[in-house]
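Novice: Got a structure for you, questions after.
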Amino acid sequence: MERFDAIVLGAGISGMTAASVLRERGAQRVLLVDEYGHLGGNHVSLDIGPFTYDIGSFIFHDNSPLMRRFPELRDLYLPFDGQTGRLDFDGRLAQYPFDMRKDLLQVGPIELGRMLGSLVHGRLTCDPTRSAQDFVSYWLGERLARRTGLFSYLERFYGASPALIEGEFARKRMQWVSANASIRGQLKRLMKPRRLSNRAVVRPRGGFTELYEPVRASLGASGVQLRLGERIASLEPGKAGGLVLSTGAARYTAPAVYSTVPLDVAAQWCRLPPNPSVRYATLTSLFYSFRGTRTFPHHVLYNFSNAGRWKRLTMHSDCYGQADGREYFSVEIISDAQPDNADLLDADFRTHVRQNGFLRGDLVLEGTRKTASAYPIYLLGATAAAAGMITSLRALGVLSFGRQGGFDYQPTSHVSSVMAERAVMAFGN
Ligand SMILES: Cc1cc2nc3c(=O)[nH]c(=O)nc-3n(C[C@H](O)[C@H](O)[C@H](O)COP(=O)(O)OP(=O)(O)OC[C@H]3O[C@@H](n4cnc5c(N)ncnc54)[C@H](O)[C@@H]3O)c2cc1C
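Taking my numbering, I'd label the letters of the sequence shown as residues 26 to 454.
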């Protein structure tokens, strides 16, 4: 049995940040364990032939606490100055998330009047905390929300009607809606001090493994022990106090465990009952290469239209250059509620592309990948159910936090890193 001062489960953004904070706060022996064989959690790159794809996370900001803790990262990121766009409700290209000209100025006075009426109706009848549908209707009015395609996007995000999604999720995922649509939000923006640096950046050409290699070295040098790719069997109270983590290879003990893995996974290790309301989305990524005519200039394109299952398309070749004379990109689809078949999802994407004509030429599906637990699903009642599981884990001495462990839709890695710092510091006090 190896003894530690703290064990961190999951070596994603939250776990790497937590291990660094624990060392800084005096824990001498820290163990960082992950069933995944790499650092970065759901930051995953895949090499397929000459192309390097990512499954999801793509754009980062260089003022993140992670970069403050691991400054070596700064030199590896590449600057990103690409454009982000969206397909609106009827499949036309528009700015993301709002296009003032297309969504408001070009609609004509009659439609504008209707939108205003719908906004007043939303403000009077909707409770923005009740559901995602109410949140959006309250801030934008249902008519404008439908016109932008926001409801279609939300449904695509979860495979569920926005009326069944908690208002809490909408608040986290769509803060820009309330920030832009309220006078208080606009004032806050004007008064916010300018940050010294907040450059948008992307990972190096070689992928996330190359990016996080210095973090591995830095954690190791600071005394954190890493066990990656180690299957975890159980996490139980030890006879002499603390917790005992058993893997196929070894047993480790510590007075406190910091878990960033999905709640259902941690509960299973701790032999706690599962809660069916606590569910995570499964992400299918389709990886394409392409040669031909592309009609959109955007590096990242969101699908807010009424057709197609895909939700985001990321043009990797815009950042890293073409490979073998071909562009390459990945397409994200939440596949929980969809038939579990990449061929069908590929066919659906191709049909949509044909209808819209935004990629005309030779489109090749190079590979696919499924990721369980991409993000928490906030169907009504899920937050309360997750809070119950977090409390049960806490009673055992396990602090559960992060995007998966906290059942917390953290929209960016920056937020995950800030929240991990806060969680670990608060636990120690
Ligand atoms: C599709 C997508 C796109 C995103 N795009 C961006 C972006 O462009 N920019 C940005 O800043 N952020 C983006 N994010 C958010 C960002 O990736 C997260 O905020 C951050 O990675 C969360 O880190 P974490 O350590 O809390 O959790 P994660 O890295 O999600 O997971 C933590 C740990 O949980 C464990 N785990 C996960 N799934 C399982 C499983 N099924 N079984 C067992 N263990 C598991 C692993 O040990 C993992 O290390 C995106 C996220 C997704 C899913």
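Don't be surprised by glycine CBs; every beta carbon is placed ideally from N, CA and C. Bear in mind the structure is a predicted one, so any value in this text is a computation, not a measurement.
1. Check L221 in the structure and name its three-state DSSP category.
2. Leaving out five residues before and five after A410 in sequence, what residues of the same chain have Cβ atoms less than 6 Å from its Cβ?
3. With C-beta atoms as the reference, is G147 less than 8 Å away from Y121?
4. Ligand 1 and V286: does any heavy atom of the ligand fall closer than 7 Å to the residue's C-beta?
5. Nearest to L253 by alpha carbon, out of G273, V269 and D433?
6. So which of G333, D289 and F383 has the shortest CA-CA distance to L259?
7. So the beta strand (DSSP E) N328 belongs to, where does it begin and stop?
8. Taking DSSP as the reference, what is the three-state secondary structure of S417?
9. In three-state terms, what does DSSP make of Y178?
10. Thinking C-beta only, is H323 closer than 8 Å to T109?
11. In the stretch 37-115, which residue ranges form an unbroken beta strand (DSSP E) of at least 3 residues, counting only runs that do not cross its ends?
12. Assign M26 to one of two classes, buried (16 or more other C-beta atoms within 10 Å of its C-beta) or exposed (fewer than that).
13. May I ask you to report which of helix, strand or coil DSSP gives Q380?
14. Look up V389 in the DSSP assignment and give the residues it is bridged to.
15. Around the Cβ of K395, are there at least 16 other Cβ atoms within 10 angstroms (buried) or fewer (exposed)?
16. State buried or exposed for Q53, treating a residue as buried only when at least 16 other CB atoms are found within 10 Å of its CB.
17. If you run the structure through DSSP and keep just helix, strand and coil, what is Q131?
18. Can you give the beta carbon distance from S156 to S438, rounded, assuming they're within the 8 Å contact cut?
19. To the nearest angstrom, how far is the alpha carbon of D87 from that of R375?
20. Beta-carbon within less than 6 Å of L221's beta-carbon, same chain only, minus the 5 sequence neighbours each way: which residues are those?
21. What residues in its chain sit with their C-beta under 8 Å from that of N223, if we drop five residues either side in the sequence?
22. Quick one: what's M340 bridged to in DSSP?
23. Please go through the same chain and pick out, in chain order, the residues whose beta-carbon is closer than 6 Å to the beta-carbon of R319, but skip the five residues on each side of it.
24. Rounded to a whole number of angstroms, what is the C-alpha to C-alpha distance between F95 and P436?
25. Going by alpha carbons, who is nearest to D72 out of L112, M444, A348 and A445?
26. Measuring only the C-alpha atoms, how far is L129 from G142?
27. Could you check whether V227 and C151 sit closer than 8 Å to each other, using their CB atoms as the reference points?
28. Give, in chain order, every unbroken run of the alpha helix (DSSP H) that is at least 4 residues long and sits entirely within the stretch 229-288.
29. Got a sec: does ligand 1 put a non-hydrogen atom nearer than 7 Å to the Cβ of E357?
30. Among the residues of its own chain, which have a CB less than 6 Å from the CB of A43, if the five just before and after it don't count?
31. Relative to the C-alpha of D368, which residue among L404, K127 and F312 is closest?
Specialist: This is what the structure gives:
1. Residue numbering aside, residue 221 sits at position 196 when the sequence shown is read from its first letter. Only weak support exists for where L221 lies, its pLDDT of 46 falling under 50; the coordinates are left without a value.
2. Against the sequence shown, residue 410 aligns to sequence position 385. So the qualifying residues of the chain are N300, S302 and V303.
3. Here the question's residue 147 lines up with position 122 in the sequence shown. Here the question's residue 121 lines up with position 96 in the sequence shown. Taking 8 Å as the Cβ cut-off, G147 and Y121 do not qualify as a contacting pair.
4. As a position in the sequence shown, residue 286 is number 261, starting the count at 1. Indeed, a heavy atom of ligand 1 lies less than 7 Å from the Cβ.
5. As a first step, residue 253 must be located in the sequence shown, where it is residue number 228. L253 has its Cα closest to that of G273, out of G273, V269 and D433.
6. By 1-based counting over the sequence shown, the position of residue 259 is 234. Sequence check: residue 259 is Ser here, not Leu. The option with the nearest alpha carbon to S259 is D289.
7. As a working note, residue 328 is residue 303 in the sequence shown. Its beta strand (DSSP E) spans residues V325 to N328.
8. In the sequence shown, counting from the first residue as 1, residue 417 sits at position 392. Here S417 sits in helix by DSSP.
9. Locating residue 178 in the sequence shown gives position 153, where the first residue counts as 1. Reduced to three states, the DSSP call for Y178 is helix.
10. Indexing the sequence shown from 1 puts residue 109 at position 84. Indexing the sequence shown from 1 puts residue 323 at position 298. Yes, they are a contact pair.
11. 55-59, 70-73, 76-79 and 109-112, all fully within the stretch 37-115.
12. As a position in the sequence shown, residue 26 is number 1, starting the count at 1. Label assigned to M26: exposed.
13. Against the sequence shown, residue 380 aligns to sequence position 355. Helix.
14. The residue given as residue 389 occupies position 364 in the sequence shown. DSSP, once it has assigned bridges, lists S314 as partnering V389.
15. If you number the sequence shown from 1, residue 395 lands on position 370. Classification of K395: exposed, given that the 10 Å Cβ count is below 16.
16. On the sequence shown, position 28 is the one that residue 53 refers to. Its Cβ having fewer than 16 others within 10 Å, Q53 is exposed.
17. Along the sequence shown, read from residue 1 onward, the residue named residue 131 stands at position 106. Residue state, collapsed to three classes: coil.
18. The sequence position of residue 156 within the sequence shown is 131, counting from 1. The sequence position of residue 438 within the sequence shown is 413, counting from 1. S156 to S438, Cβ: 27 Å. No contact.
19. By one-based count along the sequence shown, residue 87 stands at place 62. By one-based count along the sequence shown, residue 375 stands at place 350. In a straight line, the C-alpha of D87 is about 36 Å away from that of R375.
20. If you number the sequence shown from 1, residue 221 lands on position 196. Summary for L221: the model assigns pLDDT 46, below 50, so the residue's position carries little reliability; its value from the coordinates is reported in the next sentence. Nothing listed; no residue qualifies.
21. Here residue 223 refers to the residue found at position 198 when the sequence shown is read from its first residue. Taken in chain order, the residues that qualify are H86, D87 and N88.
22. On the sequence shown, position 315 is the one that residue 340 refers to. For M340, which the question treats as bridged, DSSP gives the partners F354.
23. Along the sequence shown, read from residue 1 onward, the residue named residue 319 stands at position 294. Once the five neighbours on either side are set aside, the close Cβ partners of R319 are L384.
24. As a working note, residue 95 is residue 70 in the sequence shown. As a working note, residue 436 is residue 411 in the sequence shown. Each residue's Cα considered, the two are about 21 Å apart.
25. Position 47 of the sequence shown, counting from 1, holds the residue named residue 72. Taking only the C-alpha atoms, the option nearest D72 is A348.
26. Here residue 129 refers to the residue found at position 104 of the sequence shown. Here residue 142 refers to the residue found at position 117 of the sequence shown. Spanning the two alpha carbons is a distance of roughly 14 Å.
27. Here residue 151 corresponds to residue number 126 of the sequence shown, with the count starting at 1. Here residue 227 corresponds to residue number 202 of the sequence shown, with the count starting at 1. In this structure, V227 does not lie closer than 8 Å to C151 by Cβ.
28. 233-246
29. In the sequence shown, the residue the question calls residue 357 occupies position 332. Yes, ligand 1 has a heavy atom inside 7 Å of this Cβ.
30. Position 18 of the sequence shown holds residue 43. Answer for A43: V33, Y283, A445 and V449, listed in chain order.
31. For the purposes of this step, residue 368 is identified with residue 343 of the sequence shown, where counting begins at 1. The alpha carbon of D368 has as its nearest neighbour, out of L404, K127 and F312, the alpha carbon of F312.
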